[in-house]
Amino acid sequence: MTDLVLRNALITGKIPSDIGEYKTLQTLDLSFNNLTGEIPSGLFSISSLKSLFLGNNSLSGTLPSLKSEELLNVDLSYNYLSGGFPPWVTASSNLQLNLVANNFVFDKSNISVMPGLNCLQRNFPCNRNSPLYANFSIKCGGPKMPAEGIEYEAENSSSFGAAWYHVTDTEKWAISNVGLFSDRNNQSYVQNTLAQVIATNTPELYQTSRMSPGSLRYYGLGLDNGPYNVSLFFAETGFDDRSSQTWKSLGRRVFNIYIQGRLALKDFDISKEAGGVKRALPKIFKANVSENYLEIHLFWAGKGTCCIPEQGYYGPLISAIHVASDFVSNVTGIPPSNQGKKSRLGLIVGIAVPVGVVSLIFIFAVFYMKRKSQHYNEEELLGIGPRPNTFSYAELR
């Protein structure tokens with residue numbers, strides 16, 4: 001046996017301690033169950049194992065101290081792991097390791113080991129209780145671009161993979177992905193199209209889309225608490241139109257959408273709801289942010305086709321995301337590193353403006369007094385000269 005996939009199978013209990021005896025395993029997926037206890041040390045030492053998915057369980061304890069060199073895809077996200085990071089975490093540049101939503105504690109000694117991971121632990125601590133943002137926009141799977149007055153940030157990292165996460169430098173948003181396309185040699189996570197997407201004023205927004213064979217999450221970080229509008233942009237660009245009656249038109253993409261952990265859409269089929277393929281389909285949801293972060297989760301639950309138009313073609317697909325507050329927010333939108341500059345600038349402006357106003361008033365007062373004095377002197381000089389019909393006392397006598 002080389003592949004064992006028991007995802008979302010309601011499995012409980014501990015991982016068997018003798019699981020390391022399965023010497024031929026290459027892929028093991030026990031994610032989305034309710035496994036408890038610690039990770040058996042022998043599991044990470046199986047010499048043939050290449051991909052291990054244990055995410056979305058209730059595992060605790062620390063990371064195994066040793067890992068086989070062949071094991072390059074490791075998903076341990078959404079568990080309760082803690083402790084330090086063993087040397088193997090940074091020993092290989094090819095390792096894909098997802099430790100999002102655990103209980104690791106970061107300080108100066110280890111924060112550089114897994115950049116950005118400190119923002120994606122269970123309490124989402126970055127800018128917690130001191131929000132900076134009230135919106136974010138992402139061009140999923142593509143470069144940054146403007147569309148209808150909105151600037152969408154790029155989300156097109158070449159390192160995107162089977163057990164991957166990324167946090168932006170501004171700590172404004174993040175992304176997490178888990179999953180391998182089964183029986184597919186080319187593990188491409190981007191869907192491109194040259195076709196013209198209709199039913200939209202911005203077809204370029206849909207020419208690239210992010211794909212995932214399993215679990216794809218986007219996070220808004222450091223958000224001001226309150227109600228939000230969540231706009232998700234879809235277009236099915238992987239299949240032919242059903243009217244073409246070709247085998248490529250038989251494909252069906254079905255997945256679930258969760259927002260803030262709650263099921264927003266079940267068995268969502270883009271082309272069915274849009275009325276055809278290559279048709280834009282924006283979906284708007286309401287969400288409430290109460291702990292300064294927002295989570296959007298696209299999840300493939302095993303439905304739809306798997307092998308059209310090629311082997312291992314299934315799972316969520318999304319073109320863009322725009323999230324904006326549904327209330328008036330007073331957040332600055334300025335990262336902490338720039339706050340000092342802003343404060344100093346504000347102080348300078350705060351001092352310079354009153355001083356400038358006082359100076360102008362003083363100059364105006366001096367000018368006014370000078371003009372008034374000059375006018376008074378002119379009147380005195382006018383009084384010295386002769387006046388018509390005016391006579392002295394001697395002349396009257």
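The opening position of the sequence shown corresponds to residue 1 in the UniProt record's numbering, with each subsequent residue numbered one higher. In this text, a Cβ means the ideal position worked out from N, Cα and C, and glycines have one as well.
Query raised in the report: Is V89 helix, strand or coil when you go by DSSP?
Result: helix
Query raised in the report: Going by DSSP, what residues sit across from I198 in a beta bridge?
Result: R279
Requested in this report: Please report how far the alpha carbon of W247 lies from the alpha carbon of K278, in whole angstroms.
Outcome: 17 Å
Query raised in the report: Which stretch, first to last residue, makes up the alpha helix (DSSP H) that contains I270?
Result: I270 to A274
Query raised in the report: Applying the criterion that 16 or more other CB atoms from any shown protein chain within 10 Å of the CB defines a buried residue, is R253 buried or exposed?
Result: buried
Report task. Answer with buried or exposed for K67, where buried requires no fewer than 16 other C-beta atoms within 10 angstroms of its C-beta. Result -> buried
Report task. With W164 as the anchor, note down where its beta strand (DSSP E) starts and where it stops. Result -> A163 to V167
Query raised in the report: Taking all protein chains shown into account, do 16 or more other C-beta atoms lie within 10 angstroms of the C-beta of C140, making it buried, or fewer, making it exposed?
Result: buried
Requested in this report: Rank R210, N292, N123 and F104 by C-alpha distance to the C-alpha of F299 and give the top, closest one.
Outcome: R210
Requested in this report: Output the distance between the C-alpha atoms of G214 and L265, rounded to the nearest integer angstrom.
Outcome: 16 Å
Requested in this report: Grab me the residues of N79's own chain with a C-beta within less than 6 Å of its C-beta, minus the 5 sequence neighbours each way, in chain order.
Outcome: N57, L59 and N102
**Report entry** Residues that DSSP places opposite Y80 in a beta bridge
**Finding:** S60
Requested in this report: Look at V230 and I284 and say whether their C-beta atoms are less than 8 Å apart.
Outcome: yes
Query raised in the report: Nearest to L216 by CA position, among K14, G315, I308 and R128, is which residue?
Result: G315
Query raised in the report: Taking L250 as the reference, which of V323, I257 and D241 has the closest Cα?
Result: D241
Query raised in the report: Which residues does DSSP pair with S215 in a beta bridge?
Result: V178 and F299
Requested in this report: Please report the residue range of the beta strand (DSSP E) in which V74 lies.
Outcome: N73 to D75
Report task. Please list the segments of the alpha helix (DSSP H) lying wholly inside the region 13–39, counting only runs of 4 or more residues, in order along the chain. Result -> none
**Report entry** 7 Å Cβ shell around L71 - same chain, five flanking residues per side excluded
**Finding:** F44, L49, K50 and L52
Query raised in the report: With burial defined as no fewer than 16 other Cβ atoms inside 10 Å of the residue's Cβ, what is the status of E236: buried or exposed?
Result: buried
**Report entry** 8 Å Cβ shell around A274 - same chain, five flanking residues per side excluded
**Finding:** A199, F234, A235, E236, A280 and L281
**Report entry** Cβ-based neighbour list, L97, same chain, cut-off 7 Å, excluding 5 preceding and 5 following
**Finding:** V74, V89 and A163
Query raised in the report: How is G238 classed by DSSP in three states: helix, strand or coil?
Result: coil
Report task. Compare the beta carbon distance of G13 and T36 with 8 Å and say whether it is the shorter of the two. Result -> yes
Requested in this report: For Y152, name the three-state secondary structure that DSSP assigns.
Outcome: strand
Query raised in the report: DSSP beta-bridge partners for C140?
Result: E155
Report task. Determine the contact status of L205 and A147, defining contact as a CB-CB distance below 8 Å. Result -> yes
Query - As assigned by DSSP and simplified to three states, the class of F44 - result: helix
Query raised in the report: Excluding the five sequence neighbours on either side, which residues of its own chain have a C-beta within less than 8 Å of the C-beta of C119, listed in chain order?
Result: P125, C126, V167, E171, A174 and L221
Query raised in the report: Between the C-alpha atoms of L6 and L30, what's the straight-line distance to the nearest angstrom?
Result: 5 Å
Report task. Provide the residue span of the beta strand (DSSP E) that contains L52, from first to last. Result -> S51 to F53
Query raised in the report: How long is the line joining the alpha carbons of P131 and Y22, rounded to whole angstroms?
Result: 48 Å
Requested in this report: With distances taken Cα to Cα, identify the nearest neighbour of I318 among P64, F255, K272 and K303.
Outcome: F255
**Report entry** Nearest to G238 (by Cα), restricted to the options Q311, T193, T202 and G226
**Finding:** T193
Query - C-alpha distance - N288 paired with L81, whole-angstrom precision - result: 28 Å
Query raised in the report: Exposed or buried, what is L263 when buried is set at 16 or more other beta-carbons lying within 10 Å of its beta-carbon?
Result: exposed
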